[in-house]
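Structure, as C-alpha cells:
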Amino acid sequence: MSEKTKLPIGAEAVATKGWIGAHKWLLLRRLSQAFFLGLFLIGPWFGLWIVKGNLAGSLTLETLPLTDPLVLLQSIVARHWPEMTAILGALIVLAVYALIGGRVYCSWVCPINPVTDGAYWLHNKLGVPKGWQPKKSTRYWLLAMLLIVSAATGTVAWEFVNPITMLQRGLVFGMGFGWTLVLGIFLFDLFVSRRGWCSHLCPVGAFYGLVGNKALLRVSATNRAACDDCMDCFAVCPEMHVITPALRGKTEDTPLILSPDCTNCGRCIDVCSVDVFRFTNRFDKAPAPGRDEAARKSPAQQTRAA
Amino acid sequence: MPAAAKAKPIDRRRFLLDAARVAAGCAVAGTLLGAYAGQARALPAEALRPPGALPEGDFLAACIRCGLCVRDCPYDTLTLAELGEGPATGTPFFTARDIPCEMCEDIPCVKACPTGALDPALDDIGDANMGIAVLVDRENCLNALGLRCDVCYRVCPVIDEAITLELTHNERSGHHAMFMPTVHAEYCTGCGKCEKSCVLPEAAIKVLPERLARGKLGEHYRLGWEEMQEKGGPVVEGIIDLPDRLPGPGTDNLAAPGGFEPAFKIPGASE
Ligand code: SF4
Ligand code: SF4
Ligand code: SF4
Ligand code: SF4
Ligand code: SF4
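Order-wise, the sequence lines are chains A and B.
In this text, residue positions in the first sequence follow the working numbering: the first is 321, and each later residue adds one.
In this text, residue positions in the second sequence follow the working numbering: the first is 9, and each later residue adds one.
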C-alpha cells in the first residue's frame, strides 16, 4: 500500500479539487434524491399536483404514467393481467433504466439510499467491524424468492414489507409503523452487516441491476494509468468488486466498468485526486493504457496489480 | 476483500454448503413473507374497498398501492393503509363512519386506477358493491323505539330502492307503528352514508362486507315461482291445483263473503 492509503478517505481529492469538486456527484445525487421525493411531496404539501401517486405507480402532469416494473411483475405472476396504463408505465421505466443503468435507480432515486449511506458513514465513524457479509448473489435468490411467494400467495407479496416503497409511500401518504422497517435497515447496516442491505440483499437493486445489464451510460477508468493506489475509490464504492477489472485491467482490457452492479453513483469520480474515472458510454473506445504500461517502470506495482 | 478469497481453488464442499446456506436462508425468508402475506389478506370488517374493487383475493394481486385512486377522490374518502393499520399495507380503503363514499357519478377513483384493481367495467356507480348496509341493532335504532329519526333513509343516495321504511306494529305500545329502516342488498352500493349519518353515538346501521352481510343459497336451489313465471305454466306437467284451505267463514268456500282468494293462481293449471 502506498503512503496515501493511510490518509483519510478523500482527503487528497479535497486538497486537489476543493471540497465541492470532490463531492460533486455526491451532491448532485443527494439533490436528485431530494428532487424525486420532493416531486411527490409538493402535491400533498402545497396542493401543486405535478406528480400524483408514489414510486410504485404515478401520473405526471395528468399524462405520463409510470409504474415500478418489479411491482407490476409481481402482480402478473400473481395472475392479474394489468390494464394498459400500468403496462405502458412499466415499459417506459424499463426503457429509461435499461439505457442509463438500472442501478441509477439505487443511487439517484431510491429513498433508502441516503439511509444506508448514512448507516455506512456512521459505521465507519464508529469503527464497527464489517460483520456478516452474505454473498452478493443472495439478492438474486431473494428476488426469485419474492416472485415465487407472489405466485404462491396470489398477492403482490414484496409490497407487504418492501422498505423502499414503505418509506416513500409513508412520506407521501402517511407512515404508520413503516418507519420501523427503515430503522431496522439502518441498524442492520450499522451493526450487523456493512453495506448489508443495498450491496448484498436488496432484491429491488438486484432487479434493476438486471434491467441495466447492457446500459449505455457507464463509468470508465479511462485515465487508469495515473492511478496512484490511494485505494479511495475502493473505499467509497458500494460495489467495490466492479472497479478491479476496469482499473487494474491491462491495456487491451476495457477500462469501462461494465458490471451491472455499478450504481453509476459517480463517487469514484469524486474521490479520485488524479481523475481516473469519468462518465461515458459503453461504446467509448478512447484509448486507455493500463497499469501494465506504467508497471514496466516499477516492478513493485506489477506484483500487486496481478 | 472478497476478491482475494477467490485465489484459492474452489472447494466443492464449501461451495455446496454456501449455496445450501443461501437457499435455506431464502426459503426461511420466503416462508415468513408468505405467512405474513397470507395473514395480511384478512380485511377487517370496517374497512371498505373503493367502488369497483375486485374481490379481495384478486385485489391483492392487482393493486400496486400507488394511491392514485386516493388522490383523485374529491371527498378524501380513501386512504392507503399504513403498516399495522389492518388492511394490507399500502392498499386503499375507507371507513364509512369516518368519511363515506359520495358515489360520484363519474367515478374518478376507478378512472385513476392504472392496473384494473378497480374494475374499469364499472361505469354506473349504482352497480358498485363496496359492502351492504345492515341495521345491526334493531333495538337501539331510534325508529325501533317508535321515533321517526329516518336519517339513514333520508341520506341514502339510492333512497327507496336500497333502503326503505317498513311499517310494523309496535308491540310495546300496542297501538303505534314502527318504521324500520330496511336495506335491500340488490340496490345497496355500500357507500356508507347511512352509517356515517346515524345519530346514535354508535351507529345502529353499519355497512358490512358482503361475506358478513349475506347468506348464500345452494347452487342447486330453484325458485319455483320464478321458474313458473318464466315458463308460463307449472314446472311439472299435469299438476292439479287443489283448492287452498284458507281461514275465513266457510272453509274451502272461496266464493263465500269474507273468504280469501289465494295470493296467486298457478298459471295454466286446471282448477
Ligand atoms: S464504480 Fe464508481 S460509480 Fe460505480 S458504484 Fe462504484 S463508486 Fe459508484
Ligand atoms: S366514488 Fe367518489 S367519493 Fe366514492 S371513493 Fe370514488 S371518488 Fe371517492
Ligand atoms: S389506483 Fe388502483 S392500483 Fe393504485 S392504489 Fe388505487 S386500487 Fe390500487
Ligand atoms: S350503504 Fe346505506 S346509504 Fe349507501 S346505498 Fe346502502 S343503504 Fe343507501
Ligand atoms: S339514523 Fe340511525 S337511529 Fe336513525 S333511523 Fe337510521 S339507523 Fe335508526
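Note that CB positions come from ideal geometry on N, CA and C, so glycine has one too.
All of these numbers come straight from a predicted model, not from anything done at the bench.
Residue i versus residue j: straight-line alpha-carbon distance, rounded
i                            : j                         : result
tryptophan 343 of chain A    : leucine 130 of chain B    : At residue 343 of chain A the sequence reads histidine, which differs from the tryptophan that was named. If I take the Cα positions, the gap works out to 53 angstroms.
glycine 358 of chain A       : asparagine 148 of chain B : 50 angstroms
methionine 138 of chain B    : serine 181 of chain B     : 38 angstroms
phenylalanine 356 of chain A : valine 429 of chain A     : 6 angstroms
arginine 21 of chain B       : proline 328 of chain A    : 40 angstroms
alanine 28 of chain B        : arginine 79 of chain B    : 46 angstroms
proline 385 of chain A       : alanine 406 of chain A    : 7 angstroms
cysteine 547 of chain A      : valine 562 of chain A     : 16 angstroms
phenylalanine 497 of chain A : valine 435 of chain A     : 17 angstroms
glycine 241 of chain B       : leucine 41 of chain B     : 58 angstroms
tyrosine 417 of chain A      : valine 36 of chain B      : 31 angstroms
methionine 186 of chain B    : lysine 204 of chain B     : 22 angstroms
leucine 153 of chain B       : threonine 85 of chain B   : 32 angstroms
valine 512 of chain A        : tryptophan 452 of chain A : 6 angstroms
glutamate 90 of chain B      : proline 483 of chain A    : 13 angstroms
arginine 587 of chain A      : isoleucine 412 of chain A : 27 angstroms
histidine 520 of chain A     : alanine 32 of chain B     : 16 angstroms
isoleucine 505 of chain A    : alanine 221 of chain B    : 42 angstroms
lysine 456 of chain A        : glycine 38 of chain B     : 18 angstroms
glutamate 169 of chain B     : glutamate 194 of chain B  : 9 angstroms
Enclosing beta strand (DSSP E) for residue i [first to last residue]
i                            : result
threonine 600 of chain A     : 598 to 601
arginine 459 of chain A      : Taken as a continuous stretch (DSSP letters only), arginine 459 of chain A belongs to no beta strand (DSSP E), being part of the alpha helix (DSSP H) at 458 to 473.
isoleucine 213 of chain B    : 213 to 216
lysine 570 of chain A        : Taken as a continuous stretch (DSSP letters only), lysine 570 of chain A belongs to no beta strand (DSSP E), as it is neither H nor E.
phenylalanine 187 of chain B : 184 to 191
CB of residue i within 7 angstroms of CB of residue j, strictly
i                            : j                         : result
tyrosine 528 of chain A      : arginine 602 of chain A   : no
phenylalanine 493 of chain A : glycine 75 of chain B     : yes
arginine 349 of chain A      : serine 427 of chain A     : yes
alanine 608 of chain A       : threonine 542 of chain A  : yes
leucine 143 of chain B       : proline 82 of chain B     : no
glutamine 488 of chain A     : proline 431 of chain A    : yes
isoleucine 133 of chain B    : methionine 111 of chain B : yes
tryptophan 365 of chain A    : isoleucine 589 of chain A : no
histidine 400 of chain A     : alanine 120 of chain B    : no
glutamate 403 of chain A     : threonine 123 of chain B  : yes
aspartate 552 of chain A     : glycine 338 of chain A    : no
threonine 485 of chain A     : alanine 398 of chain A    : no
Where the alpha helix (DSSP H) containing residue i begins and where it ends
i                           : result
proline 434 of chain A      : 432 to 446
threonine 336 of chain A    : 331 to 341
phenylalanine 67 of chain B : 64 to 70
arginine 8 of chain B       : Residue 8 of chain B falls outside the range modelled here, since chain B spans only 9 to 279, and no answer is possible.
serine 513 of chain A       : Note, serine 513 of chain A: premise wrong, no alpha helix (DSSP H); not H, not E.
lysine 119 of chain B       : 116 to 120
leucine 576 of chain A      : No alpha helix (DSSP H) holds leucine 576 of chain A; DSSP gives it neither H nor E.
Under 9 angstroms from the C-beta of residue i: neighbouring residues of chain B
i                      : result
glycine 367 of chain A : The premise fails here: glycine 367 of chain A is roughly 11 angstroms from chain B at the closest Cβ pair, so nothing lies under 9 angstroms.
Partners in chain A for residue i, counting only beta-carbon separations shorter than 8 angstroms
i                      : result
cysteine 74 of chain B : Gly373, Asn374, Ala376, Gly377, Ser378 and Thr387
leucine 88 of chain B  : Arg489, Phe493 and Gly494
alanine 28 of chain B  : Neighbours of alanine 28 of chain B on chain A: none; closest Cβ ~12 angstroms, over 8 angstroms.
Residue i: contacting residues in chain B (beta-carbon distance under 8 angstroms)
i                         : result
alanine 406 of chain A    : Ile72, Pro122, Thr123 and Gly124
threonine 383 of chain A  : The premise fails here: threonine 383 of chain A is roughly 13 angstroms from chain B at the closest Cβ pair, so nothing lies under 8 angstroms.
tryptophan 339 of chain A : What tryptophan 339 of chain A touches in chain B: nothing, since even the nearest Cβ is about 29 angstroms away.
Proximal residues of chain A, C-beta to C-beta of residue i below 9 angstroms
i                      : result
tyrosine 44 of chain B : Ala477, Phe480 and Val481
Cross-chain neighbours of residue i in chain B, by beta carbon under 7 angstroms
i                     : result
lysine 455 of chain A : Asp26 and Val30
#### Entry: Any 3 or more C-beta pairs closer than 8 angstroms across the stretch 159 to 171 of chain B and the stretch 180 to 200 of chain B
yes
### Task
Inspect the CB distances between the stretch 531 to 551 of chain A and the stretch 574 to 593 of chain A and report whether three or more fall short of 8 angstroms.
yes
#### Entry: Touch test, the stretch 404 to 421 of chain A against the stretch 465 to 483 of chain A, Cβ-Cβ under 8 angstroms, three pairs minimum
no
### Cβ pair count under 8 angstroms reaching 3, the stretch 372 to 380 of chain A against the stretch 41 to 49 of chain B
no
### Query
Are at least three pairs of beta-carbons, each pair with one atom in the stretch 99 to 109 of chain B and one in the stretch 49 to 63 of chain B, less than 8 angstroms apart?
yes
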